[in-house]
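From first to last, the protein sequence lines are chains A, B, C and D.
Going by the UniProt record's numbering, the residue at position 19 of the first sequence is 19; the numbering climbs one at a time, nothing skipped.
Going by the UniProt record's numbering, the residue at position 117 of the second sequence is 117; the numbering climbs one at a time, nothing skipped.
Going by the UniProt record's numbering, the residue at position 22 of the third sequence is 22; the numbering climbs one at a time, nothing skipped.
Going by the UniProt record's numbering, the residue at position 4 of the fourth sequence is 4; the numbering climbs one at a time, nothing skipped.
Where a beta carbon is used, it is the ideal one built from N, C-alpha and C, also for glycine.
Following: one structure in structure tokens, then a few remarks.
Protein chains: 4
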Amino acid sequence: MKCVTLFRQDDHCWQMFGQDPDKPDNIVDTNQYLVRSGDSAILLDPGGMEVFPAMLAALTREVPVSHLKALFLSHQDPDIGSSLPLWRRVCEPDIKIYLSWLWSSFTAHFDREATFTTIPDEGMEISLTPDLRLRFVPAHYLHSSGNFNVYDPKAKVLFSGDIGAALIPKDKASGSMFVADFASHVQYMEAFHRRWLGSAQARDAWCAQVSKLDIDFLAPQHGLVFKGDDVKRFIDWFAGFEIGSGVAAMKR
Amino acid sequence: MKCVTLFRQDDHCWQMFGQDPDKPDNIVDTNQYLVRSGDSAILLDPGGMEVFPAMLAALTREVPVSHLKALFLSHQDPDIGSSLPLWRRVCEPDIKIYLSWLWSSFTAHFDREATFTTIPDEGMEISLTPDLRLRFVPAHYLHSSGNFNVYDPKAKVLFSGDIGAALIPKDKASGSMFVADFASHVQYMEAFHRRWLGSAQARDAWCAQVSKLDIDFLAPQHGLVFKGDDVKRFIDWFAGFEIGSGVAAMKR
Amino acid sequence: MKCVTLFRQDDHCWQMFGQDPDKPDNIVDTNQYLVRSGDSAILLDPGGMEVFPAMLAALTREVPVSHLKALFLSHQDPDIGSSLPLWRRVCEPDIKIYLSWLWSSFTAHFDREATFTTIPDEGMEISLTPDLRLRFVPAHYLHSSGNFNVYDPKAKVLFSGDIGAALIPKDKASGSMFVADFASHVQYMEAFHRRWLGSAQARDAWCAQVSKLDIDFLAPQHGLVFKGDDVKRFIDWFAGFEIGSGVAAMKR
Amino acid sequence: MKCVTLFRQDDHCWQMFGQDPDKPDNIVDTNQYLVRSGDSAILLDPGGMEVFPAMLAALTREVPVSHLKALFLSHQDPDIGSSLPLWRRVCEPDIKIYLSWLWSSFTAHFDREATFTTIPDEGMEISLTPDLRLRFVPAHYLHSSGNFNVYDPKAKVLFSGDIGAALIPKDKASGSMFVADFASHVQYMEAFHRRWLGSAQARDAWCAQVSKLDIDFLAPQHGLVFKGDDVKRFIDWFAGFEIGSGVAAMKR
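Right under this line is the structure:
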């Protein structure tokens, strides 16, 4: 599994893990993000149980598992968090697990013994260390009913979950983890955004909200990271794209 | 775990399992449905891994596990299907697993080895036995992007997944598995429908679609079963109820 | 997996499960025994985790899992009891688990949450039901340091664990679960008894002890069941066979 | 979990892990040993599944999991190797797993997918790296039928498995991982050696064999490490101690 650094300043850093060459084709590829400050770290969308071994091996090349102080689940999907009981098994018992209040009793079906710190609908701010504050930003219905992004105002990174996701065929992968040419990248985002995301109101509210943020990296859970001007390009594209195509199947 | 029979005619029957008294409070309660015909059976929304032992024990009081020929997952949530690898471990290797095409590579994060029979957006019909046909009816964005109900035209049962779900406080549970008084049941459905379900267009399309079906039992994955006139009462209530309340959190 | 009945009188019965045709070759074949009386049953040497699905499917064709009131582990080996956490997951929480006192803190490494009812060195007697009494008979060092057989004086069955085990090549299997011709069966027992069993004193004490029992079926955990006169033939053969061949490897 | 270094010279080192303060009392305490040379490491008796999380956390404070090139199982017990499928899940797929030929098809009941490199009865030598050679030394019937020690001629460490084991009550633990006063340590070894080990011939052969080795550290899987003159003291004590007390239970 690859590991690239999005941001590093002193001991504050963002690392992105993904594109495991050994991943079977029938499993959707995911990105995992590690935000570190000193000996503390939080893992964003730790991934499915099938990605756990590769992710753990990759992570321990960077930090011992004992540095993990928190996990964050953007929503309830299996590719986001079915690894939860496995992480809990190797982490300290007091690890914090952040999740929308909406999903805590559902996600307990991954792991009944887990204790969640639930996030209210409007989001909240946490301090991983006194110097490192992260904001959980609401992104409900995109696609999940209870869904959060993570914003780091110092690193100017927005972890955007499924928003900005791209499903890139294996033979089209460049090997890089960054969008190189926005225009040609759009084709890999279209089908996903059109079909998976269902609420235009939610999309409009999200675009208005994140347009106010200062973002250098917009980092989704699938596909590639947008940086620099591509961040605004993505928001503009998404704001004008028609979504919710699945409704048509019921109108027959 | 309780087991009640919704419909039985010759060897064709629908059984509902739920309300396990030993279920911990931090886990959302779920209903599982078994549709049988002769020595063949399909389990609808088999449930989370935490409910697997109780569900297996309850199921084997009715049929040996070898009778299970198919599983159906209405969508990708952990309370629907995190038990998948456990069921696959006790069932025949050729068991069929039905799931929206949308979620197969995501749900592989529960169980990489599973082979899914994917359902197209418009749904499809299967024959469990020559006499027993089930129709997978689209219910996308309610709440999941790729989401199906199951309709049995002979038994007149609609398994409606999260549509019609109620979260009933433990001290308000009557012990019955059926809605007794629709008007007083509404209070347990409101918060869930308002917040979890996000697309009014999808809701309208669903109501139009199922209004054409002949339904004696509308059976959700959480809460109680609607029967007789309460089926229409529910559809009418849902058609006029405001949903998507989570968007407001982004409009600050 | 096959199931044959060794003994049945009224509702008291012994059933043997084994010879799963789908078992991979790299896993040693095991026999599991179910002793039933009314709605109560005990499973002797439930088997490894790899045999659990097939064994559970076979068992539920005979009884619901809720009938299982007890498990017995003759000793600590993985093929005997690595399925323990899986069985505990599908059985009632108050299921009894019988095991030598010697191994309880070791076998907790299969399953920390299990509560064992430990058997003292001299063995003990249990009543599965008022009519059905089973005796745990010591067989220490054959091969395990803390090891028990199970004797049923009414059914005249001795479950002998690894004593009497045979490793039969797949192409020599007759399909029957009983020894047909003792003389030709010896070749499949020799290597195992010579190398796995190490203490001639323990063997002598065991032979003296079981010679006093009235046994119609001597039923091992691997290979075939001895019945009728073959029981005495086996005991006589074992009493005169040289064991402990592994010591030689240290005398170089 | 504690970690102490037994030997270090250049990049060749032996580390011992054990005495986890959070270990529940019902689980026997175990020592795990990591032998490293450069970026290669072998883990001796990786432990039970219950100790896996603590052991993994402790290990990743020393090396990334990707450095593990091999596992060694002295014998088939749950406290030795029920963690096998968990280690295989986090290690590279080509990790080597060394085990007596006797137990490979039994230990497959922990993990059917594991590929074992089997050790013949007389033992064998491996090169972890060109500079680091380890010898697997037979110790059959002490207590397991197929059982190996590990000797490192350069570090002069003998990993002795259950030989030399001590079960030390929690309130008698000094906190050190080394035997301080041999005479007072004997009391914690007696019951285990007398009852668990059954073959005086095997013991005699083992004592003769290891007396020829140059040993600075005799390191068992339970209890404390013997160093310096205590190594010979232990071998002499063991040579003269009566074992096999369990046979008496059959002579009634």
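Under 8 Å, Cβ to Cβ, is there at least one residue of chain C near residue i?
i	result
W206 of chain D	yes
P153 of chain D	no
A249 of chain D	yes
S82 of chain B	no
P24 of chain D	yes
V231 of chain D	no
V65 of chain B	yes
Using 8 Å as the threshold, is the C-beta distance between residue i and residue j below it?
i	j	result
M16 of chain B	N26 of chain B	no
L213 of chain B	F192 of chain B	no
E125 of chain B	R252 of chain A	no
I215 of chain D	L132 of chain D	no
Y141 of chain D	S74 of chain D	no
G128 of chain C	S40 of chain C	A small fix is needed here, since residue 128 of chain C is Leu in this sequence, not Gly. Contact flag set, yes.
W87 of chain C	L99 of chain C	no
S245 of chain A	R203 of chain A	no
A180 of chain B	W14 of chain B	no
M177 of chain D	V225 of chain D	yes
I243 of chain B	S211 of chain B	no
P64 of chain D	A108 of chain A	no
Exposed or buried, residue i, counting other C-beta atoms within 10 Å across all chains shown (16 or more means buried)?
i	result
S144 of chain D	buried
T5 of chain C	exposed
S104 of chain A	buried
Q221 of chain C	buried
S82 of chain D	buried
D162 of chain D	buried
P46 of chain B	buried
E113 of chain C	exposed
Q19 of chain A	buried
R36 of chain C	buried
S160 of chain A	buried
A208 of chain A	exposed
Q76 of chain C	buried
D22 of chain A	exposed
D152 of chain A	buried
A183 of chain D	exposed
G175 of chain D	exposed
Below 8 Å on the Cβ atoms is my contact criterion, and I expect residue i with residue j to pass it. Report the Cβ-Cβ distance as a whole number of Å.
i	j	result
L218 of chain D	G164 of chain D	6 Å
W101 of chain C	M250 of chain D	Rounded, the Cβ-Cβ distance is 16 Å, inconsistent with contact.
V28 of chain C	D79 of chain C	6 Å
V90 of chain A	P53 of chain D	5 Å
C3 of chain A	E62 of chain A	7 Å
P85 of chain A	F110 of chain A	6 Å
E68 of chain B	I95 of chain B	Sequence inspection shows Leu at residue 68 of chain B; the Glu mentioned does not correspond to that position. Between I95 of chain B and L68 of chain B the Cβ distance is about 6 Å, and since that is below 8 Å, they are a contact.
Taking the DSSP output, what are the residues bridged to residue i?
i	result
D152 of chain A	A:V157
T5 of chain A	A:Q15
M124 of chain B	B:F136
S40 of chain B	B:S37
F217 of chain C	C:V157, C:K227
Quick check: is the beta carbon of residue i nearer than 8 Å to any beta carbon in chain A?
i	result
Q209 of chain B	yes
T118 of chain B	no
R112 of chain D	no
Y141 of chain B	yes
T60 of chain D	yes
Taking 8 Å as the CB-CB limit, is residue i close to chain D?
i	result
T5 of chain A	no
A57 of chain A	yes
R88 of chain C	no
V150 of chain C	no
From the beta carbon of residue i, is the nearest beta carbon of chain B less than 8 Å away?
i	result
G93 of chain A	Inspection of the sequence shows that residue 93 of chain A is occupied by Pro rather than by Gly. So no, P93 of chain A is outside the interface.
L134 of chain A	no
So residue i contacts chain E; which residues on that side make the cut at Cβ distance below 9 Å?
i	result
G146 of chain A	Absent here is chain E; the protein component of the structure consists of chains A, B, C and D.
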